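Asks: Sharing a structure, written as structure tokens. Questions coming.
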Ligand code: KIV
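Numbering (this note's numbering), first residue to last: 9 to 331.
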């Protein structure tokens, strides 16, 4: 098979020349073929709004740590969500309910150290915004003040209007989240698609319009019928970001661990797996284990030596001590 030349491979994912300065550009390629990506302009909530106006799809993915945030930023992803999916794909909980503010802030700080350009959104965990508008604003503020986030996301519609109002009036951008809202799985009866009958669809539309009126800069639509999500997106001036909500949302988001094949416990139907890193990890770990067991690793090039005379001096010192 003919190998694609390196440059054209890179061209297909990273545009060399762009009129949109929010797209990363390659400034040089080193001898190992690695592209050095020039910094791009900071993505803001306004950038997302402008992308919607221009009809340009918005890309969003989740990250929970420094290396992943760095890689997403270098790939030119518009927005990085530090999702409370953290609880499932990183911390091993059955759902997102046990995730705390301290868990979120810890991981948000790592992501903020890794990503300079993408819009950074911290997901408010269960019980951090439901009890009072004051507490909601206080906790939202911690995401920006302590953890380097640019915005927060929270789940729910009209039942969260006071919380959204309090946070927005504190000057903090809020992303809404409607449809399948995983923090309410017990109320919803599990991870189930939402908005599938006329009444539920009407409620979803009303909630989306309300969140826009309350000042949300964007709304995630999760696991709702594609035609409903498309229709809601057309009614709104703010961008919708879909997950399991079809192609007519203004942007798309996936949980990065699903996309990379790193989490196989629960793979929703709407996920496309772009890599099988679990397989790759197994291959690497098994290769390492057998090289250790066979004495092949570490090889001389991985080993630090000391001058012979120093070694001899060390040995004779030991003999003197023993004598
Ligand atoms: O927590 C999360 O990762 C999310 C996305 C799935 C939207 O809320």
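Positions of the beta carbon are idealized from the N, C-alpha and C atoms, including for glycine. Note that the structure is predicted; figures quoted are calculated from it, not measured.
Any heavy atom of the ligand KIV inside 7 Å of the beta-carbon of residue 251?
Replies: Residue numbering aside, residue 251 sits at position 243 when the chain shown is read from its first letter. Yes - the ligand KIV has a heavy atom lying nearer than 7 Å to the Cβ of residue 251.
Asks: Quick check on residue 161: does DSSP put it in helix, strand or coil?
Replies: Position 153 of the chain shown, counted from the start, is the residue given in the question as residue 161. Three-state result, residue 161: strand.
Asks: Judging by CA-CA distance, which residue of 261, 294, 312, 300 is the nearest neighbour of residue 89?
Replies: Locating residue 89 in the chain shown gives position 81, where the first residue counts as 1. Residue 89 has its Cα closest to that of 261, out of 261, 294, 312, 300.
Asks: According to the Cβ coordinates, are residue 52 and residue 127 closer than 8 Å?
Replies: For this step, residue 52 is matched to residue 44 along the chain shown. For this step, residue 127 is matched to residue 119 along the chain shown. Yes, Cβ-Cβ distance for residue 52 and residue 127 is below 8 Å.
Asks: Taking 7 Å as the limit between beta carbons, can you name the residues of its chain near residue 332, skipping five residues before and five after?
Replies: As shown, the chain starts at 9 and ends at 331. That puts residue 332 outside it, with no answer to give.
Asks: When DSSP labels each residue in this structure, what does residue 27 get in the three-state scheme?
Replies: In the chain shown, counting from the first residue as 1, residue 27 sits at position 19. Because the pLDDT of residue 27 is 38, which lies under 50, any placement of that residue in the model is unreliable, and the question is left without a value.
Asks: For residue 94, which of 81, 76, 71, 80 has the nearest alpha-carbon?
Replies: Position 86 of the chain shown, counting from 1, holds the residue named residue 94. Here the closest residue by C-alpha is 71.
Asks: On a Cα-Cα basis, can you pick out the residue from 134, 81, 65, 105 that is closest to residue 255?
Replies: Translated into the one-based positions of the chain shown, residue 255 becomes position 247. The option with the nearest alpha carbon to residue 255 is 65.
Asks: Whole angstroms are fine: how far does the CA of residue 236 sit from the CA of residue 219?
Replies: Counted from its first residue, the chain shown places residue 219 at position 211. Counted from its first residue, the chain shown places residue 236 at position 228. One C-alpha to the other measures close to 17 Å.
Asks: Only counting runs of 3 or more residues, tell me where the beta strand (DSSP E) segments fall wholly within the stretch 69 to 112, in order along the chain.
Replies: Counting only runs of at least 3 residues, the stretch 69 to 112 fully encloses the following beta strand (DSSP E) elements, listed from N- to C-terminal order: 87 to 90.
Asks: Can you list, in chain order, the residues of its chain with a C-beta nearer than 7 Å to that of residue 232? Leave out the 5 residues immediately preceding and following it.
Replies: Sequence index remark: in the chain shown, residue 232 carries index 224 (1-based). 187, 201, 202, 203, 212, 253, listed in sequence order.
Asks: Quick check on DSSP: helix, strand or coil for residue 172?
Replies: Position 164 of the chain shown, counted from the first residue, corresponds to residue 172. Reduced to three states, the DSSP call for residue 172 is helix.
Asks: Taking DSSP as the reference, what is the three-state secondary structure of residue 6?
Replies: Summary: the structure shown does not reach residue 6, with the chain confined to residues 9 through 331, and so no result is reported for it.
Asks: When you compare only the Cα positions, how much space is there between residue 117 and residue 77?
Replies: One-based indexing of the chain shown puts residue 117 at position 109. One-based indexing of the chain shown puts residue 77 at position 69. Distance between the alpha carbons of residue 117 and residue 77 is about 11 Å.
Asks: Hey, residue 258 and residue 251 are a contact pair by Cβ (cut 8 Å); roughly how many whole angstroms apart?
Replies: The sequence position of residue 258 within the chain shown is 250, counting from 1. The sequence position of residue 251 within the chain shown is 243, counting from 1. Rounded, the Cβ-Cβ distance is 13 Å, inconsistent with contact.
Asks: Which stretch, first to last residue, makes up the alpha helix (DSSP H) that contains residue 240?
Replies: The residue given as residue 240 occupies position 232 in the chain shown. 234 to 243 is the extent of the alpha helix (DSSP H) around residue 240.
Asks: What distance in whole Å lies between the Cβ atoms of residue 122 and residue 74, which are believed to be in contact at a cut-off of 8 Å?
Replies: Locating residue 74 in the chain shown gives position 66, counting from the first residue. Locating residue 122 in the chain shown gives position 114, counting from the first residue. At roughly 4 Å, the Cβ-Cβ gap stays under 8 Å, so residue 74 and residue 122 are in contact.
Asks: To the nearest angstrom, how far is it from the Cα of residue 96 to the Cα of residue 110?
Replies: Indexing the chain shown from 1 puts residue 96 at position 88. Indexing the chain shown from 1 puts residue 110 at position 102. Cα-Cα distance, rounded: 16 Å.
Asks: By the three-class DSSP mapping on this structure, what secondary structure does residue 197 have?
Replies: Start at 1 with the first residue of the chain shown, and residue 197 comes out as number 189. Correct three-state label for residue 197: coil.
Asks: Under three-state DSSP, which class holds residue 231?
Replies: Within the chain shown, residue 231 is the residue found at index 223, counting from 1. In this structure, residue 231 counts as coil in the three-state DSSP scheme.
Asks: Can you give the beta carbon distance from residue 134 to residue 105, rounded, assuming they're within the 8 Å contact cut?
Replies: Against the chain shown, residue 134 aligns to sequence position 126. Against the chain shown, residue 105 aligns to sequence position 97. Indeed they touch by this definition, with Cβ atoms about 5 Å apart.
Asks: Let me know if residue 316 comes out buried or exposed under the rule of 16 or more other beta-carbons within 10 Å of its beta-carbon.
Replies: Taking the first residue of the chain shown as position 1, residue 316 is located at position 308. So residue 316 ends up on the exposed side.
Asks: Taking 7 Å as the cut-off, is the beta-carbon of residue 185 closer than that to any non-hydrogen atom of the ligand KIV?
Replies: Mapped onto the chain shown, residue 185 falls at position 177. Yes, Cβ of residue 185 sits closer than 7 Å to a heavy atom of the ligand KIV.
Asks: Taking the continuous alpha helix (DSSP H) assigned at residue 221, which residues delimit it?
Replies: To locate residue 221, count along the chain shown from 1; it is residue 213. First-last of the alpha helix (DSSP H) with residue 221: 206 to 222.
Asks: My understanding is that residue 174 touches residue 144, with C-beta atoms under 8 Å, so please give their C-beta distance in whole angstroms.
Replies: Within the chain shown, the letter at position 166 stands for residue 174. Within the chain shown, the letter at position 136 stands for residue 144. About 5 Å; that satisfies the 8 Å criterion.
Asks: Below 8 Å between beta carbons: does that hold for residue 293 and residue 299?
Replies: The count along the chain shown starts at 1 and reaches residue 293 at position 285. The count along the chain shown starts at 1 and reaches residue 299 at position 291. The beta carbons of residue 293 and residue 299 sit no closer together than 8 Å.
Asks: Looking only at its own chain, which residues have a Cβ that is under 7 Å from the Cβ of residue 409, when we skip the five neighbours before and after it?
Replies: Since the displayed the chain opens at 9 and closes at 331, residue 409 lies outside it and no answer follows.
Asks: Tell me the rounded alpha-carbon separation between residue 194 and residue 163.
Replies: As a first step, residue 194 is located in the chain shown; it is residue number 186 there, counting from the start. As a first step, residue 163 is located in the chain shown; it is residue number 155 there, counting from the start. Rounded to whole angstroms, residue 194 to residue 163 spans 14 Å at the Cα level.
Asks: If you compare alpha carbons, which of 283, 271, 264 is closest to residue 67?
Replies: The sequence position of residue 67 within the chain shown is 59, counting from 1. The alpha carbon of residue 67 has as its nearest neighbour, out of 283, 271, 264, the alpha carbon of 264.
Asks: Looking at chain C, is there any beta carbon in it that lies within less than 8 Å of the beta carbon of residue 90?
Replies: This model lacks chain C altogether, as it is built from one protein chain only.
Asks: Alpha carbon to alpha carbon, how far is residue 48 from residue 82? Give it in angstroms, no decimals.
Replies: One-based indexing of the chain shown puts residue 82 at position 74. One-based indexing of the chain shown puts residue 48 at position 40. Our two residues, residue 82 and residue 48, have alpha carbons roughly 9 Å apart in a direct line.
Asks: For residue 157, does the count of other Cβ atoms within 10 angstroms reach 16, so buried, or fall short, so exposed?
Replies: As a position in the chain shown, residue 157 is number 149, starting the count at 1. Buried is the call here.
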